[in-house]
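Asker: The structure's right below; bear with me while I get my questions together.
Residue numbers (the UniProt record's numbering), protein chains in the order written: chain W, 1 to 310; chain Z, 1 to 342.
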C-alpha cells in the first residue's frame, strides 16, 4: 500500500470551482516544504488537472517502476537550507496531448482515483496534499471511501476547505462542509481566497468578490478560518512565466511591507524571461508567502492536534 | 499487477453511448470495467472472470427509449444553447443568468434556464429564487419563474435544506437531468439555456445525448484569460468537437479590472499566452468578446438581482451586450429582435 509511510494526509476541498483549490494546494505545498517537511501533491481532478501547470512541470512524464508509478520530483530535499522534498502526481502527466479532453464517466473515474491512491510509490513522507475537483460526486466519494478504508485515522488528518468571499461561492462550499460532516472527514479550517485586490497603481484595496463571506461561513459551522488570501497578480505571473515576484515601493500586504524595488526598475516589466532558480526559492519573495506561512502553521497545529486526540 | 494507465480510451464509444440503461449487476464493477452501459460491456478483456459478465453481455444495447419522449417534450423550444467551460469559477452561471436576463428584456421572448450543475447549483441564488420549490401540475413539473418570461429549473429547488450536500455518483445525476428534460413542462420557449458544471463528464455526456435528437444550436464556451484556465477550456472545446456540438463562440470573462479609485486598468488574471482571443484563433472559433471584472456583478449575483437592469451603462454591461449580439448572429437571429433598444 503506497500510503502506509505517509504521516499526514490533507484534502483540499471546495464545492465551488475556480476558487483557487489548486493554487492554495500549490502554496501550502511550497510553505510546508519551506518549513522543512517532505511533501507530496496528488491531483485527482481528472477532467481539468491544473497542478502540473502550477509547478511548471507540464512536460514531465511519469515513470513506471516495479510495483507502481514514481511521482515527479519538483525539488529535492535540502537539509542545510531547511527545505523538504516536494513531489507531484497528476493525471495531467499521463495524457498524450495537453489539449485532449478526458471524457470519462463515473465508474472509470472511480477506478482511476483508487489506482492513484494505491499505485503511486510515495515512500516516506510527512504530508500528502490531495487536490480535488469541484463538487461532491464520483471522485470525492471514491477518494473518501478509499482513504477511510485504507488509512488509519491518525494518517487522515482532515480537509482544508477553500472558498471565495461572495455568497454564490459560499453557498456551494456549505454543501461541501456538509459532505465532510456526512462522511466523517474532519475539517481543519477554511481558507478565504481572492479576498480583495490591491491596485498596483494606487494601493487601494477593492473587494472584487465581496468581503467577509469566509469568516461568516466558518462561524456558522463552528470551524476555524485559517486565513484570508488577497489576489496577487505577481503570483500568477510567477506561475505562468517563472518570473520572480517584484513589488513597487510601498506595497503593503496585510500590513507587511513587501516592496522589493526601491528604485523604479525599468527592465522588470517588459522582461518576460524565466528567472533562474527553484519555484520554492522564488516563492519566498511572493507577497503571499507570509500569508501562507501563517496558514501553514495553523494547519500543522491542527494536524498535530487531530493526531494526538484520536 | 503492473498498473496500466495508457490503455486506449474509447472516447467515441463513450460519447456515442452514454445513456444505455445500466443492467442490474450482481457484484460491484471491477477496476477497468469498460462500463456496464458501454458497447464493450461483457466483451472486453477485463470482463473475463467478472461475475457480471453474462448480465452485461446480454443487456439490451439500443438507444434510450426516453430520447424520443424528450424530443417530443422540447418540440416547442426554438433554440437550445449550452454554456460550458472546462474550468470552474470562470463565470458560466453568471454568464448564463446575464444572458437569460438579456434575452428576457424582449417581452416577446420566452426564456428557460436549466441548471445541470448537480453538486454546486448557483443559478437559483443568482436569480434570487433560492428558497423556491418546484411544483407538480397536470402537465409536469413547473419551472420557477423569475420573471413572466423567464423560468428556471435546478436541483436546488428540490433540496429540503439549502446547504444539503448532493452526494451522488454519475448515473444518479444522469437520471435527474433526464427528469429535468422529460418531466418539466417547459412550454413554448424561444431560448433554453443549459448551464453545466465544470469538466467533461457525466452531465455533459447526458445533456448532449438527451438533446441530440431535438437539436442543439451549440455551445458558448466561457474562459478567463490566464493559461491555467485556457488549459482546461481547450479540453472542453476538444470535447465539443468530438461530441459534434457546434461551438458558437468563446467569451473571455474577468479580463480587466479598472480600479474604482484611480481608473488604473489591471490584468488580474494575466493573459500570458494570448488569452481568450488567442485561444479562439488557435481553435478556429468565433471570439464573442471580453467582459471586464466589475465588483458590482459579484454583488448583483449575491443579492439575486439582474445586473443587466441595475447598471445598464457600466462598461461590463456594454461588453455583455456586444457578446449577446454576437451570439444572436451566430444562431441566425437578428440582433435587434433579441436585444431591442430601449
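C-beta atoms are modelled at their ideal positions from N, C-alpha and C, and glycine is treated no differently.
Go ahead and pull the three-state DSSP assignment for residue 269 of chain Z.
Answerer: Position 269 of the second chain holds residue 269 of chain Z. Three-state DSSP puts residue 269 of chain Z in coil, outside helix and strand.
Asker: Could one say the Cβ of residue 115 of chain Z lies closer than 7 Å to chain W's Cβ atoms, at least one of them?
Answerer: Translated into the one-based positions of the second chain, residue 115 of chain Z becomes position 115. Judged by the 7 Å Cβ criterion, residue 115 of chain Z is not in contact with chain W.
Asker: Where do the N-terminal and C-terminal ends of the beta strand (DSSP E) with residue 130 of chain W fall, by residue?
Answerer: Here residue 130 of chain W refers to the residue found at position 130 of the first chain. From DSSP, the beta strand (DSSP E) with residue 130 of chain W extends over 125-131.
Asker: Once you ignore the five residues that flank residue 270 of chain Z on each side, which residues in its own chain have a CB closer than 8 Å to its CB?
Answerer: Taking the first residue of the second chain as 1, we reach residue 270 of chain Z at position 270. Here the set comprises 225, 226.
Asker: Say whether chain Z places a C-beta atom closer than 7 Å to the C-beta of residue 103 of chain W.
Answerer: Here residue 103 of chain W corresponds to residue number 103 of the first chain, with the count starting at 1. Chain Z contact via Cβ: present.
Asker: Could you have a look at residue 179 of chain Z and say whether DSSP puts it in helix, strand or coil?
Answerer: Walking along the second chain from the start, residue 179 of chain Z turns up at place 179. Correct three-state label for residue 179 of chain Z: helix.
Asker: In this structure, what does DSSP give as the bridge partners for residue 83 of chain Z?
Answerer: By one-based count along the second chain, residue 83 of chain Z stands at place 83. In DSSP, residue 83 of chain Z forms a bridge with Z/195, Z/220.
Asker: What's the C-alpha gap between residue 231 of chain Z and residue 142 of chain Z?
Answerer: On the second chain, position 231 is the one that residue 231 of chain Z refers to. On the second chain, position 142 is the one that residue 142 of chain Z refers to. Residue 231 of chain Z and residue 142 of chain Z: Cα-Cα distance of roughly 38 Å.
Asker: Please state whether DSSP places residue 95 of chain Z in a helix, a strand or coil.
Answerer: For the purposes of this step, residue 95 of chain Z is identified with residue 95 of the second chain, where counting begins at 1. Of the three classes helix, strand and coil, the one that applies to residue 95 of chain Z here is helix, per DSSP.
Asker: Please report whether the beta-carbon of residue 272 of chain Z lies at a distance below 7 Å from any beta-carbon of chain A.
Answerer: Among the protein chains in the structure shown, which are W and Z, there is no chain A.
Asker: Might you give, ordered along the chain, the residues of its own chain that have their beta carbon closer than 7 Å to the beta carbon of residue 48 of chain W, omitting 5 neighbours on each side?
Answerer: Mapped onto the first chain, residue 48 of chain W falls at position 48. Taken in chain order, the residues that qualify are 133.
Asker: Could you tell me the alpha carbon to alpha carbon distance between residue 156 of chain Z and residue 220 of chain W, rounded to whole angstroms?
Answerer: The residue you call residue 156 of chain Z lines up with position 156 of the second chain. The residue you call residue 220 of chain W lines up with position 220 of the first chain. Using only the alpha carbons, I get a separation of about 20 Å.
Asker: Alpha carbon to alpha carbon, what distance is there between residue 162 of chain Z and residue 180 of chain Z?
Answerer: Numbered from its first residue, the second chain carries residue 180 of chain Z at position 180. Numbered from its first residue, the second chain carries residue 162 of chain Z at position 162. Distance between the alpha carbons of residue 180 of chain Z and residue 162 of chain Z: 19 Å.
Asker: Pull up the CB-CB distance for residue 191 of chain Z and residue 311 of chain Z, whole angstroms please, since I reckon it's below 8 Å.
Answerer: On the second chain, residue 191 of chain Z is found 191 positions in, with the first residue counted as 1. On the second chain, residue 311 of chain Z is found 311 positions in, with the first residue counted as 1. Actually they do not touch by this definition, with Cβ atoms about 23 Å apart.
Asker: With respect to the beta strand (DSSP E) encompassing residue 287 of chain Z, which residues constitute its N-terminal and C-terminal limits?
Answerer: As a working note, residue 287 of chain Z is residue 287 in the second chain. Residue 287 of chain Z -> beta strand (DSSP E) spans 287-290.
Asker: Per DSSP, which residues does residue 228 of chain W bridge with? Please list them.
Answerer: Counting from 1 along the first chain, the entry for residue 228 of chain W is found at position 228. In the DSSP output, where bridge partners are listed per residue, residue 228 of chain W has W/192.
Asker: Quick check on residue 288 of chain W: does DSSP put it in helix, strand or coil?
Answerer: Taking the first residue of the first chain as 1, we reach residue 288 of chain W at position 288. Of the three classes helix, strand and coil, the one that applies to residue 288 of chain W here is helix, per DSSP.
Asker: Distance check for residue 78 of chain Z and residue 84 of chain Z, CA to CA, integer angstroms please.
Answerer: Translated into positions along the second chain, residue 84 of chain Z becomes position 84. Translated into positions along the second chain, residue 78 of chain Z becomes position 78. Their Cα atoms are separated by approximately 20 Å.
Asker: Where does residue 63 of chain W sit, in a helix, a strand or coil, going by DSSP?
Answerer: As a working note, residue 63 of chain W is residue 63 in the first chain. In this structure, residue 63 of chain W counts as strand in the three-state DSSP scheme.
Asker: Going straight from the alpha carbon of residue 160 of chain W to that of residue 224 of chain W, what length do you get?
Answerer: Start at 1 with the first residue of the first chain, and residue 160 of chain W comes out as number 160. Start at 1 with the first residue of the first chain, and residue 224 of chain W comes out as number 224. Cα to Cα, the separation comes out at about 10 Å.
Asker: Excluding the 5 residues preceding and the 5 following residue 109 of chain Z in the sequence, name in chain order all residues of the same chain whose CB lies nearer than 7 Å to its CB.
Answerer: Your numbering for residue 109 of chain Z matches position 109 in the second chain. Same-chain partners within the cutoff: 103, 149, 190, 191.
Asker: Considering only residues of the same chain and omitting the five flanking positions on each side of residue 39 of chain W, which have a CB-CB separation below 8 Å?
Answerer: The count along the first chain starts at 1 and reaches residue 39 of chain W at position 39. Taken in chain order, the residues that qualify are 29, 32, 33, 84, 85, 86, 87, 125, 126, 127, 128, 129.
Asker: Just reading off the alpha helix (DSSP H) that residue 54 of chain Z is part of, what are its end residues?
Answerer: Residue numbering aside, residue 54 of chain Z sits at position 54 when the second chain is read from its first letter. Looking at the DSSP string, the run of the alpha helix (DSSP H) that includes residue 54 of chain Z is 53-58.
Asker: Are residue 274 of chain Z and residue 252 of chain Z touching if we call contact CB-CB under 7 Å?
Answerer: Working through the second chain from its first residue, we reach residue 274 of chain Z at position 274. Working through the second chain from its first residue, we reach residue 252 of chain Z at position 252. For residue 274 of chain Z and residue 252 of chain Z, no; Cβs fall outside 7 Å.
Asker: Count the other C-beta atoms from every protein chain shown that fall within 10 angstroms of the C-beta of residue 177 of chain W, then say buried if there are 16 or more, exposed otherwise.
Answerer: The residue given as residue 177 of chain W occupies position 177 in the first chain. Buried is the call here.
Asker: Return yes when at least one heavy atom of the ligand MN lies under 6 Å from the C-beta of residue 77 of chain W, else no.
Answerer: This structure lacks the ligand MN; in fact it carries no ligand of any kind.
Asker: So does the region 108-115 of chain W actually touch the region 134-141 of chain W, counting three or more Cβ pairs closer than 8 Å?
Answerer: The region 108-115 of chain W, when compared against the region 134-141 of chain W, does touch it at the 8 Å Cβ threshold.
Asker: Got a sec? Which residues, its chain only, sit under 7 Å from residue 296 of chain W by beta carbon, not counting five neighbours each side?
Answerer: To locate residue 296 of chain W, count along the first chain from 1; it is residue 296. Closer than 7 Å at the Cβ level, and outside the excluded window around residue 296 of chain W, lie 28, 31, 32, 35.
Asker: Kindly indicate which three-state DSSP category residue 171 of chain Z falls into: helix, strand or coil?
Answerer: Residue numbering aside, residue 171 of chain Z sits at position 171 when the second chain is read from its first letter. In the structure shown, residue 171 of chain Z sits in a helix (DSSP, three-state: H, G or I).
Asker: Compile a chain-ordered list of the residues in the region 17-29 of chain W whose CB is closer than 9 Å to at least one CB of chain Z.
Answerer: For the region 17-29 of chain W, which is checked against every Cβ of chain Z, the residues closer than 9 Å are 17, 18, 19, 20, 21, 22, 23.
Asker: Who are the neighbours of residue 131 of chain W on chain Z, taking C-beta pairs under 8 Å?
Answerer: Position 131 of the first chain, counted from the start, is the residue given in the question as residue 131 of chain W. Those within 8 Å of residue 131 of chain W in chain Z number zero; the least Cβ separation is about 13 Å.
Asker: In angstroms, rounded to a whole number, what distance separates the CA positions of residue 169 of chain Z and residue 336 of chain Z?
Answerer: Reading the second chain from its first residue, position 169 is the one you call residue 169 of chain Z. Reading the second chain from its first residue, position 336 is the one you call residue 336 of chain Z. Taking the straight line joining both Cα atoms gives about 44 Å.
Asker: Assuming residue 163 of chain W is part of the beta strand (DSSP E), what are its boundary residues?
Answerer: The count along the first chain starts at 1 and reaches residue 163 of chain W at position 163. Its beta strand (DSSP E) spans residues 156-163.
Asker: Check the Cβ-Cβ distances between residue 284 of chain W and every residue of chain Z, and say whether any is below 7 Å.
Answerer: Here residue 284 of chain W refers to the residue found at position 284 when the first chain is read from its first residue. Taking Cβ atoms only, chain Z never reaches closer than 7 Å to residue 284 of chain W, which makes this a no.
Asker: Using DSSP bridges, identify the partner residues of residue 72 of chain W.
Answerer: Within the first chain, the letter at position 72 stands for residue 72 of chain W. Answer by DSSP bridge pairing, in chain order: W/88.
Asker: Go to residue 123 of chain Z, then tell me how far its alpha helix (DSSP H) extends in each direction, as first and last residue.
Answerer: Reading the second chain from its first residue, position 123 is the one you call residue 123 of chain Z. Where residue 123 of chain Z is concerned, the enclosing alpha helix (DSSP H) stretches over 123-127.
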